[in-house]
Structure formats: C-alpha cells, structure tokens
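Trainee: Below is one structure. I have some questions about it.
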Amino acid sequence: MAIISPLTFFRFAADHSELLERLYEKRARVTDTELREYVLACRKETDPAPQRVINQLEELGIIEPSPEATAAYEMRRPVAQLLAYLLHEYRLTSVEVIQAYLSDLQKLGGGLIKAVADKDGAGAVRLLADAADEVERMRQDSRHSREAIIADVVKLKANKAGLTVKERLGRVDYLWTRYMAPLRDMLDVRKEMERQLDSLEAALAHGEIAFETDLAVLREFTALRSRALRLRREIAADFKESIKELLPLHNELHRESAVSRGAAHALGLIKRGGLSAIDLTKRLGISTWRAKGLFADEAIRAYMLGLKGYTPKLPPPLCAVRAPDLTALIQTDEFQAKAKKAVPLDDALAWLIAQYPQAAPEQLLRCYARFYYGEFGATHFAVGTEKSYSAQGLSFSAKPMGVEKNGN
Numbered sequence: 011m012a013i014i015s016p017l018t019f020f021r022f023a024a025d026h027s028e029l030l031e032r033l034y035e036k037r038a039r040v041t042d043t044e045l046r047e048y049v050l051a052c053r054k055e056t057d058p059a060p061q062r063v064i065n066q067l068e069e070l071g072i073i074e075p076s077p078e079a080t081a082a083y084e085m086r087r088p089v090a091q092l093l094a095y096l097l098h099e100y101r102l103t104s105v106e107v108i109q110a111y112l113s114d115l116q117k118l119g120g121g122l123i124k125a126v127a128d129k130d131g132a133g134a135v136r137l138l139a140d141a142a143d144e145v146e147r148m149r150q151d152s153r154h155s156r157e158a159i160i161a162d163v164v165k166l167k168a169n170k171a172g173l174t175v176k177e178r179l180g181r182v183d184y185l186w187t188r189y190m191a192p193l194r195d196m197l198d199v200r201k202e203m204e205r206q207l208d209s210l211e212a213a214l215a216h217g218e219i220a221f222e223t224d225l226a227v228l229r230e231f232t233a234l235r236s237r238a239l240r241l242r243r244e245i246a247a248d249f250k251e252s253i254k255e256l257l258p259l260h261n262e263l264h265r266e267s268a269v270s271r272g273a274a275h276a277l278g279l280i281k282r283g284g285l286s287a288i289d290l291t292k293r294l295g296i297s298t299w300r301a302k303g304l305f306a307d308e309a310i311r312a313y314m315l316g317l318k319g320y321t322p323k324l325p326p327p328l329c330a331v332r333a334p335d336l337t338a339l340i341q342t343d344e345f346q347a348k349a350k351k352a353v354p355l356d357d358a359l360a361w362l363i364a365q366y367p368q369a370a371p372e373q374l375l376r377c378y379a380r381f382y383y384g385e386f387g388a389t390h391f392a393v394g395t396e397k398s399y400s401a402q403g404l405s406f407s408a409k410p411m412g413v414e415k416n417g418n
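All the letters of the sequence shown, read from the start, carry residue numbers 11 to 418 under my numbering.
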C-alpha cells in the first residue's frame with residue numbers, strides 16, 4: 011500500500027465528512043451498489059464523478075474489499091476507530107485485553123531491570139518507549155470503556171427503541187458479567203493490576219537512581235513513572251464512575267424483571283384455576299367488612315327534623331387575661347443603679363432581700379452572682395458561722411458576703 015499523505019487524507023475527509031459518517035454508521039459490509047448510492051446522496055456540485063470518489067476511498071485506505079463477498083467493501087479498522095473517537099462512540103475493552111497489557115508490562119519491566127543492571131541506556135530507552143505505548147493504550151481503553159458504558163446506560167434509561175424489560179436486562183447483565191464483574195475482581199479482589207504497576211514503578215525508581223547522571227535517559231524514566239501514576243489514578247476513577255452508573259440500573263431492572271415474572275406467573279395461575287387459585291385474601295391480607303347497626307331512613311329523617319328547630323346557645327365567655335405580675339422580676343437597669351449607690355456592703359444577700367422583698371428567689375440569686383463575680387467591687391466572706399436568710403417562703407443559709415467599692 012502506498013504511503014498516504016495526511017494532508018490529502020484529511021482534506022478528502024473534510025470534503026466528504028457526511029459520506030464517511032454514513033459508511034461508519036453502516037458498520038457491516040457495503041455492496042458496490044449501496045456505496046454508489048451513498049456517494050450520490052452526499053454528492054455536492056463541486057465533487058468529482060462518483061466513480062472517482064469511490065476510487066479515492068480505496069486509494070486513501072478508507073475502505074477495502076470485504077472478504078465475505080465480491081463487489082462489497084468495508085471500512086478499514088483504523089479509520090473506523092478514528093471516527094469512533096471523533097463521534098464519541100467507544101468500544102468496550104474486555105479484561106482479557108487488559109490482562110494482555112499487564113503481561114506485556116511485566117515483560118517490559120523485566121527487560122528494564124536487566125537494562126538497568128547492564129547500564130544499557132539505549133536499550134532502556136527503547137523499552138521505556140514500548141512501555142509508554144502500553145500504558146497509554148491501557149489508559150485510553152479504560153476511558154473508552156467508561157464512555158461506552160455511560161452511553162449504553164443513558165440509552166437503556168431513555169429506551170427510545172422500546173425494548174422490553176427482559177431485553178434491557180439482558181444488555182445490562184452482559185455489560186456486568188462480561189466487563190464490570192471481571193474488572194472488579196482484577197482491581198479490588200486479586201489486586202493484579204496494582205501488583206503489576208507496583209512492580210513497574212519499583213523498576214522505574216531503580217532506573218532513575220542508576221541513570222541519575224544521564225539526563226536524557228533519566229528524563230524517559232521520570233516521564234514513564236508519571237504516566238504510570240496517571241494510569242493508576244484514572245483507571246480507578248473510570249471503574250468507580252462506571253459502577254456508579256451501571257449498578258443502580260442493574261438493580262432496578264432486576265427488580266422490574268422479578269415483578270414482571272411474578273405477575274406473569276400469577277396471571278398463568280388465574281388463567282388455569284381462576285382467581286381463587288392465587289388466594290389473594292390470605293397472601294395479601296385484604297380486609298373485608300360488613301355493615302351493622304345502620305339507621306333506617308325514617309329514623310334519620312325524624313332526627314334531621316328535630317335538628318331543624320334547634321337554636322344554639324351562646325358559648326361561655328373566655329376568662330379575662332390577667333396582667334402579668336412584674337413584682338417578682340428585678341429590672342436590670344434599676345438593680346445596676348441601686349447596687350452602684352449601695353456599695354460598699356457588709357451583707358450583699360441581706361441587702362438584696364431588703365430591696366426586693368417580692369422578688370423570686372432565682373432573681374435574687376442571679377443578682378447575688380453579679381456581686382460575687384466582682385461586677386460592683388471586690389468581694390469577701392465574713393469569718394464565722396453561716397447566717398440564715400428567708401425569701402418568698404424559701405430558707406437558705408450562707409456566710410455573709412461583703413462588697414468593697416472599686417478603688418478602696
């Protein structure tokens with residue numbers, strides 16, 4: 011096959027993008043007649059003859075003869091992959107492919123260890139380039155699998171094709187058993203990927219030390235180590251995002267399928283043995299009732315006639331609202347002014363009881379605490395026995411507390 015100029019290829023792709031999309035959407039082989047119809051349908055006035063366009067498709071490596079039949083074509087895989095990338099239509103990557111990547115990385119890691127031991131910088135660079143390709147393929151395949159699963163989940167939720175629950179469940183089960191469950195086993199259970207990446211990173215770290223004086227080789231080791239770290243991070247993120255999207259739909263469809271199967275089984279029983287065959291009253295606890303003690307129509311009519319002449323009485327008046335008793339409260343501003351004038355005091359509690367004989371005991375103790383914390387001056391307790399106090403029928407005892415005036 012002749013070398014294809016990228017400029018010629020992409021110029022043709024730009025001029026015939028609609029035709030390329032139609033060929034990509036066909037996916038299967040295209041007969042010569044169908045191909046000519048596609049070319050005519052997408053043809054513009056400035057385009058060359060249809061046969062010339064078909065010849066260009068072959069010359070640029072976009073299509074090739076199909077092995078299934080004569081006079082038929084199919085799109086070359088690299089071109090289909092490019093269009094899938096541009097149209098965000100990705101294919102799923104199986105665990106077997108990922109395991110093949112890991113096996114290659116294991117072999118390349120062993121080769122790197124040998125190259126480091128032999129101080130073979132050129133050989134190490136070649137191995138690092140191959141390993142970088144494997145790492146990037148694995149990363150791109152992981153991202154494409156994630157996008158493909160999310161796209162499938164969105165389509166199944168929208169269900170524009172009108173698929174039955176069984177058909178949708180079959181597709182979800184296929185995604186789960188073919189891709190997600192084996193990948194979870196490899197990532198979370200056996201930790202195979204983590205072990206391989208750990209081994210590769212250890213070889214890279216050893217290589218960085220061995221070639222620390224050779225900057226060109228050291229740069230390649232550092233670059234691959236960064237790629238491996240990114241791969242580890244993104245594969246875990248892709249897997250979690252795929253599980254997050256697929257698992258709820260998987261569980262929901264299983265519930266709907268169970269309900270559908272149960273309903274179909276119940277309808278089959280009813281068809282064969284009637285409604286009594288499923289015994290709904292016993293299974294579902296359906297309640298039954300029987301009317302008892304109902305009034306006769308004449309009795310209700312006589313009662314309503316009696317109500318016709320009923321005159322309601324005025325309701326009893328509400329109790330008058332009493333004004334709140336404020337004598338039990340101590341006003342803050344008033345107390346503060348009185349306390350400042352009264353200090354020094356020999357017995358703060360006795361002064362409070364004398365000033366506010368109607369105040370509640372808790373109000374007195376709250377003001378007493380303000381004296382105690384030194385708001386109006388330093389405090390001291392008298393030496394000797396405790397003194398008894400009485401307020402609103404409550405008796406308590408304490409040592410007299412004196413208050414000195416600030417500045418004395």
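Glycine is no exception: its CB is placed at the ideal position from the N, C-alpha and C atoms.
Keep in mind it's a predicted model, so treat the numbers as computed, not measured.
Identify whether His216 lies in helix, strand or coil by the three-state DSSP scheme.
Mentor: Reading the sequence shown from its first residue, position 206 is the one you call residue 216. Helix.
Trainee: Looking at C-beta atoms only, is the number of pairs between the stretch 259-268 and the stretch 238-250 that lie closer than 8 Å three or more?
Mentor: Output reads no: the stretch 238-250 does not touch the stretch 259-268.
Trainee: Please classify Ser400: does DSSP put it in a helix, a strand, or coil?
Mentor: Position 390 of the sequence shown, counting from 1, holds the residue named residue 400. Looking at Ser400 - three-state DSSP - the assignment turns out to be strand.
Trainee: Quick check on the DSSP output: the alpha helix (DSSP H) that includes Val163 runs from which residue to which?
Mentor: Within the sequence shown, residue 163 is the residue found at index 153, counting from 1. Taken as a continuous stretch (DSSP letters only), the alpha helix (DSSP H) holding Val163 covers Gly131 to Ala168.
Trainee: Look up Val89 in the DSSP assignment and say whether it is helix, strand or coil.
Mentor: Taking the sequence shown and counting its residues from 1, the one referred to as residue 89 is at position 79. Val89 falls in the helix class under three-state DSSP.
Trainee: If we call anything under 9 Å between Cβ atoms a contact, is Leu122 one with Leu102?
Mentor: Against the sequence shown, residue 122 aligns to sequence position 112. Against the sequence shown, residue 102 aligns to sequence position 92. Going by C-beta atoms, Leu122 is not nearer than 9 Å to Leu102.
Trainee: Can you name the start and end residues of the alpha helix (DSSP H) that Phe22 belongs to?
Mentor: Counting from one through the sequence shown, the residue named residue 22 turns up at place 12. Element bounds for Phe22: Pro16 to Asp25.
Trainee: Using only CA atoms, which one of Glu157, Lys350 and Gln116 lies nearest to Leu207?
Mentor: Locating residue 207 in the sequence shown gives position 197, counting from the first residue. Taking only the C-alpha atoms, the option nearest Leu207 is Gln116.
Trainee: Which residues bound the beta strand (DSSP E) around Val63?
Mentor: As a first step, residue 63 is located in the sequence shown; it is residue number 53 there, counting from the start. From DSSP, Val63 is part of no beta strand (DSSP E) but of the alpha helix (DSSP H) over Pro60 to Glu69.
Trainee: Identify every residue that forms a DSSP beta bridge with Phe391.
Mentor: Residue 391 sits at position 381 when you count from the first residue of the sequence shown. According to DSSP, which records beta bridges pairwise, Phe391 is partnered with Met411.
Trainee: Looking at the secondary structure, which residues open and close the alpha helix (DSSP H) in which Pro75 lies?
Mentor: Indexing the sequence shown from 1 puts residue 75 at position 65. Element bounds for Pro75: not the alpha helix (DSSP H) but the beta strand (DSSP E), Ile73 to Pro75.
Trainee: If you follow the alpha helix (DSSP H) that Ser236 is part of, which residue opens it and which one closes it?
Mentor: Within the sequence shown, residue 236 is the residue found at index 226, counting from 1. Leu225 to Gly283 is the span of the alpha helix (DSSP H), which, as asked, contains Ser236.
Trainee: For a test of the three-state rule: what should DSSP assign to Ser104, helix, strand or coil?
Mentor: As a position in the sequence shown, residue 104 is number 94, starting the count at 1. In the structure shown, Ser104 sits in coil (DSSP, three-state: anything other than H, G, I, E or B).
Trainee: Go ahead and pull the three-state DSSP assignment for Val40.
Mentor: Taking the sequence shown and counting its residues from 1, the one referred to as residue 40 is at position 30. Residue state, collapsed to three classes: strand.
Trainee: Within this structure, are the beta carbons of Ile363 and Leu374 separated by less than 9 Å?
Mentor: Translated into the one-based positions of the sequence shown, residue 363 becomes position 353. Translated into the one-based positions of the sequence shown, residue 374 becomes position 364. Yes. Within cutoff.
Trainee: Taking DSSP's pairing of strands, which residues face Ser405 in a bridge?
Mentor: Reading the sequence shown from its first residue, position 395 is the one you call residue 405. Paired residues: Ser400.
Trainee: Roughly how many whole angstroms lie between the Cα atoms of Glu266 and His154?
Mentor: The residue you call residue 266 lines up with position 256 of the sequence shown. The residue you call residue 154 lines up with position 144 of the sequence shown. When rounded, the distance between both Cα atoms is 29 Å.
Trainee: Output needed for Phe231: all residues of its chain with C-beta closer than 8 Å, excluding positions within five of it in sequence on either side, in chain order.
Mentor: What you label residue 231 is simply residue 221 of the sequence shown in a count that begins at 1. Only Ala134, Leu138, Leu214, Gly217, Glu218 and Phe221 meet the Cβ criterion.
Trainee: Rounded to whole angstroms, what is the Cα-Cα separation between Leu112 and Arg188?
Mentor: The residue labelled residue 112 in the question sits at position 102 within the sequence shown. The residue labelled residue 188 in the question sits at position 178 within the sequence shown. Going by the C-alpha atoms only, they are around 19 Å apart.
Trainee: Tell me which residue opens and which closes the alpha helix (DSSP H) that Ile363 is part of.
Mentor: For the purposes of this step, residue 363 is taken as residue 353 along the sequence shown, with counting starting at 1. Counting along the chain, the alpha helix (DSSP H) containing Ile363 begins and ends at Ala358 to Gln365.
Trainee: Give me, in chain order, the residues of the same chain whose beta-carbon lies closer than 8 Å to that of Leu197; leave out the 5 immediate sequence neighbours on both sides.
Mentor: The sequence position of residue 197 within the sequence shown is 187, counting from 1. The residues are Met203, Glu204, Ile245, Ala246 and Phe249.
Trainee: Confirm, please, whether the CB-CB distance from Leu185 to Val105 is below 9 Å.
Mentor: One-based indexing of the sequence shown puts residue 105 at position 95. One-based indexing of the sequence shown puts residue 185 at position 175. No.
Trainee: DSSP puts Tyr83 in a beta bridge; with which residues?
Mentor: By one-based count along the sequence shown, residue 83 stands at place 73. Answer is Val40 and Pro75.
Trainee: With DSSP collapsed to three states, give me the class of Leu112.
Mentor: Working through the sequence shown from its first residue, we reach residue 112 at position 102. Helix, per DSSP.
Trainee: Starting from Asp343 and walking both ways along the alpha helix (DSSP H), at which residues does that stretch end?
Mentor: Along the sequence shown, read from residue 1 onward, the residue named residue 343 stands at position 333. Thr342 to Ala352 is the extent of the alpha helix (DSSP H) around Asp343.
Trainee: Provide the residue span of the alpha helix (DSSP H) that contains Met314, from first to last.
Mentor: Locating residue 314 in the sequence shown gives position 304, counting from the first residue. Segment Asp307 to Lys318, the alpha helix (DSSP H) holding Met314.
Trainee: Answer yes if the stretch 66-86 comes into contact with the stretch 36-49, meaning at least three C-beta pairs across the two stretches below 8 Å, and no otherwise.
Mentor: These segments touch.
Trainee: Within the continuous alpha helix (DSSP H) that includes Leu193, where are the two ends?
Mentor: Taking the sequence shown and counting its residues from 1, the one referred to as residue 193 is at position 183. That run of the alpha helix (DSSP H) goes Ala191 to Arg194.
Trainee: Look at the alpha carbon of Glu35 and the alpha carbon of Asp183, and state the distance between them as a whole number of angstroms.
Mentor: Here the question's residue 35 lines up with position 25 in the sequence shown. Here the question's residue 183 lines up with position 173 in the sequence shown. In a straight line, the C-alpha of Glu35 is about 25 Å away from that of Asp183.
Trainee: By alpha-carbon positions, which one of Ile310, Lys54 and Val413 ends up nearest to Lys318?
Mentor: In the sequence shown, the residue the question calls residue 318 occupies position 308. With distances taken between Cα atoms, Lys318 lies closest to Ile310.
Trainee: Considering only the alpha carbon of each residue, which of Pro410, Ser405, Tyr399 and Gly384 lies closest to Ala392?
Mentor: Reading the sequence shown from its first residue, position 382 is the one you call residue 392. Residue Pro410 is the option with its Cα nearest to Ala392.
Trainee: Ala370 and Gln402 - do their beta-carbons sit closer together than 9 Å?
Mentor: Position 392 of the sequence shown, counted from the start, is the residue given in the question as residue 402. Position 360 of the sequence shown, counted from the start, is the residue given in the question as residue 370. Yes.
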